[in-house]
Structure formats: structure tokens, C-alpha cells
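Structure first, then comments.
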Amino acid sequence: MAYYRSVGEVPRTRHTQHRTPEGGLYYEELMGEEGFSSDSSLLYHRHIPSAIVDARVWEPPDQSRTPNSPLIPRHLRLHTLFGDDWKDTDPVTGRRLVLGNDDVRISYVAAGTASELYRNAIGDECVYIESGAATLETVFGALEVGRGDYAVIPRATTHRWIPSGDEPLRAYAIEASGHIAPPRRYLSRYGQFLEHAPYCERDLRGPAGPLVAEGEDVDVLVKHRGPGPGGIAGTRYTYPRHPFDVVGWDGCLYPYAFNIADYQPITGRVHQPPPVHQVFEGPNFVICNFVPRKVDYHPLSIPVPYYHSNVDSDEVMFYCGGDYEARKGSGIGQGSVSLHPGGHSHGPQPGAYERSVGVEAFDELAVMVDTFRPLDLGEGGLTAEDPGYAWTWSGRGPRP
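Here the working numbering runs 6 ahead of the position in the sequence shown, where the first position is 1.
Here you go:
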């Protein structure tokens, strides 16, 4: 993904003997993408990584989807999904599906207890931390994450979340059916971040050292393709030894964190289109973020977005901080999600266009996902919907 790292003990030459202090052999595992043709890492285990002693069906959180029909813009209040029971909710099995299609699934959780070991075998995950803090333990090592962090976890990485502190860990999870990476236009032909990129290698945090744990008959929840809702199923594996047994690894594939405060916004003389805010890309979707920034400086500029039709995509905005100028008067606030579907022209709320004239800076924080196939509503999205949002531009509801 980002750049080469070497952590812990690895042999001088790959695919050669790497011996324990007692003289035995460590077990080398290649974790790679696209059938040996893309990024990979080599991990050195104390025990055979393929060994399991049991496998049972595990039911993942509800993955059922309902089409956005009739086709309307929607407002989803995610903070209404979790009450005081967040303390007994974990960051994996407690996720509630908000929106999804065959390329990407967006879930939300407010959690206070540690998850079981978990592996997503369908695709990479990009988890945005709205608030709270946690230790993200992985087979590569641990990462400390908190407010404003993106945690990017490669497909099939065994990991678990351990919330910390007195407030809920509020996490917005974007799950791909493939891989999530920085946009290709930010990278050189060899993978280095270019000068025009709004962030670079020194902004990324990877595991600093190996994480070795002891234990026998340890369960791992695996989400994978199958016959369940949305083509998703689950299996609970039991391993004879703890999967966190890696003494060293090296390569370019590993989990990492990036804080939204380190993103350097690109601005212009007139209003800039959403691609300038892009932070990651996945198969048939992109992730952008809107951060506090100076805005358009043309003397006749209108800083809020112009009205636009999403011809090829659905647009999802997660409002996670500040005061979003274009949505004032709509009911949208912290923890809200707006869905503006392809086929519907959308833009600022009434009055926002005029109020923005002369404004020099926006104090707003939002994570946007644009998809190139229509999004359905998940169970969480249906539960959290504000039924009046679609009519806020006209000021009146549907005809009786």
C-alpha cells in the first residue's frame, strides 16, 4: 500500500530458514493481493498459521438491504441508533449497516467493550473514528487510534478492537469488496506520494513492533462471501494457538492509521469540485473528506457548492464536526448522514447560497463516499431515517 516497512525479526533473505532461539523454524506466511501480482508482506509465525481445530457458522450483523425506492434524498441520524447500551456493544458485532451495494458497505457503531478477534475476508476496511479511542490489535502489531483517525485494515487481517476511556468509541466503517488505497493520481509510478498530494508517507502510522500473545483454542470471526443477505456469510474458526504469534514481518501490505487533521486541503479562486477532497479510493467508490479551510477568493465567488446532478454516482456525506454551511436549516448535525442519489439534482439548502457570499473560511468536518452503483438502505439506515429531509428544499411535503 504505502511504503516498505520491516518490523521485528526477519531473515536476511526471503523464503529461507528463520530459526527460533531453540533451533526450530518459524513459519513464513505470504499475505498478498491480486494473486501474487500486487502489494504483499511476509509474516513469520511461531506456529502453523493454517491450523484450525473447529469451524462453525457465525451470523454477521444484519446485512439485508432495501432499495432506495422511491428515489429520494435521505437524512439518517446515526446517533439515534445506540443508547446507553453502547457500554455492552463491541465494535464488530455491534455494527449496524447503514447503506450498501455489492461494492461497498457503510456501517456505524457506538461501542464500549472489546471485540472478538475478527477477519474480513471480503475486502479492506477503512474505519473512521468519530469520537472515543481504542487500541487496534492486529497480527502485524498494535495501533492506537482516536478521534479523527482513519484506520485502513487490509483484507483478511486478523484483528480486534479494544475501546478505551469513558466515552463510546463511535466508528464509521467503510467496507470494500476489494482494496482501499490512496488515489493513483497522488502516487508516482513507483508508489511514492507526489508533491501535489494532500498528505504523504510521514502522515501514516503503522505498527511499531510485533504483538505476540499466548493462548489456546482461540476463536476468530471471519466474514466472507456466501449465501447470506448481500452475498455475505460468516464462520467462527477455532485455532489451537493464538493467531497473534508473529515475531516479525516486512513488506508493503499492513494496517495503518491517518488522522484527518493531517490532510492539507486544496482550495482555489472559485469553488473546487469534490475530487480535490479525495483521500482514498476503492473498487467503484471513492472516499473524500471536507476539513476546515479557507474558501474561494474570487471577488464574486459563491463558496458553497453549486447545485449539481449526480449523473453517475450516489453521494454519501457523514457530518462529524464543525458547522456544515450548505446544510443549515435541514436538520443535519453531528452524526448525520445524507444520501443524495444519482438521478436527483441536489445542492445547498435554501438561503445557504446567499449566506455564503463573502465568507472566507468554513469550519466543517465531513467524510464523503461517492459510489458508482446505486446504494441500498441497511437496517440501521432505515431505523435512523428523518422522513422529512427530502422536502426541505421546497418547504412542503408530498401531496396528500
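Just so it is clear, CB atoms sit at the ideal spot from N, CA and C, and this is done for glycine as well.
Remember, predicted model here, so these are calculated numbers, not experimental data.
Residue range of the beta strand (DSSP E) that includes residue i
i, result
"Arg83", "Arg80 to Arg83"
"Gly129", "From DSSP, Gly129 is part of no beta strand (DSSP E); its letter is neither H nor E."
"Leu149", "Gly147 to Gly152"
"Thr241", "Ile238 to Arg247"
"Thr377", "Glu370 to Thr377"
"Glu321", "Asp320 to Gly328"
"Gly472", "Since the first and last residues shown for the chain are 7 and 406, residue 472 lies out of range."
"Glu34", "Tyr33 to Gly38"
"Gly106", "Arg102 to Gly106"
"Phe250", "Careful: Phe250 lies outside any beta strand (DSSP E) and carries neither H nor E."
"Trp167", "His165 to Ser170"
"Arg208", "Here Arg208 belongs to no beta strand (DSSP E), and DSSP marks it neither H nor E."
"Gly184", "It is not in any beta strand (DSSP E) - Gly184 carries neither H nor E in the DSSP assignment."
"Ala263", "Tyr262 to Asn265"
"Phe2", "A question about residue 2 goes unanswered here, because the residues of the chain that appear run from 7 up to 406."
"Lys229", "Glu222 to Arg231"
"Arg111", "Val110 to Ala117"
"Ala61", "Asp60 to Val63"
"Tyr156", "Asp155 to Ile159"
"His346", "Ser342 to His346"
"His277", "His277 -> no beta strand (DSSP E), and no H or E assigned at all."
"Gly14", "Arg11 to Gly14"
"Tyr50", "Ser46 to His51"
Alpha-carbon spacing of residue i relative to residue j, whole angstroms
i, j, result
"Arg111", "Leu36", "27 Å"
"Glu15", "Pro216", "9 Å"
"Asp45", "Gly257", "8 Å"
"Glu173", "Ala117", "9 Å"
"Arg166", "Arg275", "45 Å"
"Gln355", "Leu345", "14 Å"
"Pro146", "Ser47", "Correcting the residue identity first, residue 146 is Phe in this sequence and not Pro. In a straight line, the C-alpha of Phe146 is about 10 Å away from that of Ser47."
"Tyr205", "Pro404", "45 Å"
"Glu331", "Glu360", "11 Å"
"Gly341", "Tyr303", "30 Å"
"Arg176", "Thr95", "11 Å"
"Tyr50", "Arg20", "11 Å"
"Ser307", "Ser362", "9 Å"
"Ala127", "Gly100", "18 Å"
"Asp369", "Pro249", "44 Å"
"Ala182", "Pro17", "33 Å"
"Ala263", "Ala162", "17 Å"
"Pro67", "Pro289", "23 Å"
"His81", "Val322", "10 Å"
"Ser121", "Gly364", "48 Å"
"Asp225", "Trp64", "11 Å"
"Pro97", "Phe88", "12 Å"
Nearest-angstrom beta carbon gap, residue j and residue i [assumed within contact, 8 Å]
i, j, result
"Leu149", "Pro261", "6 Å"
"Gly236", "Gln69", "4 Å"
"His410", "Gly129", "Lying outside 7 to 406, the shown extent of the chain, residue 410 is not represented and no answer is given."
"Ile238", "Cys132", "Going by Cβ atoms, the distance from Ile238 to Cys132 rounds to 18 Å, so no, they are not a contact pair."
"Gly384", "Leu103", "3 Å"
Close Cβ partners of residue i (< 6 Å) along its chain, the five nearest in sequence each way excluded
i, result
"Glu287", "Pro189"
"Asp60", "Thr244"
"Arg52", "Asp251"
"Arg11", "Gly212"
"Tyr9", "Glu207"
"Lys93", "Gly118"
"Arg62", "Arg242"
Continuous alpha helix (DSSP H) stretch holding residue i: start and end
i, result
"Thr144", "Unbroken run through Thr144 is the beta strand (DSSP E), Ala139 to Thr144; no alpha helix (DSSP H)."
"Arg361", "Ala358 to Arg361"
"Glu385", "Glu385 to Thr389"
Cutoff 8 Å: residue i Cβ touching any chain D Cβ
i, result
"Leu82", "Structure shown: chain D not included; a single protein chain is present."
7 Å Cβ shell around residue i - same chain, five flanking residues per side excluded
i, result
"Lys300", "Thr273, Glu366 and Ala367"
"Val317", "Gly348"
"Phe324", "Tyr178, Val343, Ala372 and Val373"
"Lys229", "Pro66, Asn126, Ala127, Ile128, Ile238 and Gly240"
"Ala358", "Val310, Glu331, Ala332 and Lys334"
Neighbourhood of residue i by C-beta, 8 Å cutoff - its chain only, sequence neighbours within 5 removed
i, result
"Thr1", "Outside the displayed span of the chain (7 to 406) sits residue 1, for which this structure offers no information."
"Phe199", "Pro188, Tyr192, Leu193, Tyr205, Cys206 and Glu207"
"Glu222", "Pro246, Arg247 and His248"
"Val218", "Arg52, Phe250, Asp251, Val252 and Val253"
"Arg25", "Leu31 and Tyr32"
"Asn295", "Ile266, Tyr269, His283, Val285, Leu371, Ala372, Val373 and Met374"
"Pro169", "Pro97, Ala117, Gly118, Thr119, Ala120, Gly138, Ala139, Ala140 and Leu175"
- prompt: Taking three-plus beta-carbon pairs below 8 Å as touching, is the region 336 to 344 in contact with the region 384 to 402?
  reply: yes
- request: Assess, as a yes-or-no matter, whether the region 134 to 143 is touched by the region 186 to 201 under the definition of 3 or more beta carbon pairs within less than 8 Å.
  value: no
task: Tell me, please, whether the region 152 to 163 touches the region 262 to 272 by the rule of three or more beta-carbon pairs shorter than 8 Å.
output: yes
- prompt: Contact between the region 302 to 322 and the region 350 to 370: three or more CB pairs below 8 Å?
  reply: yes
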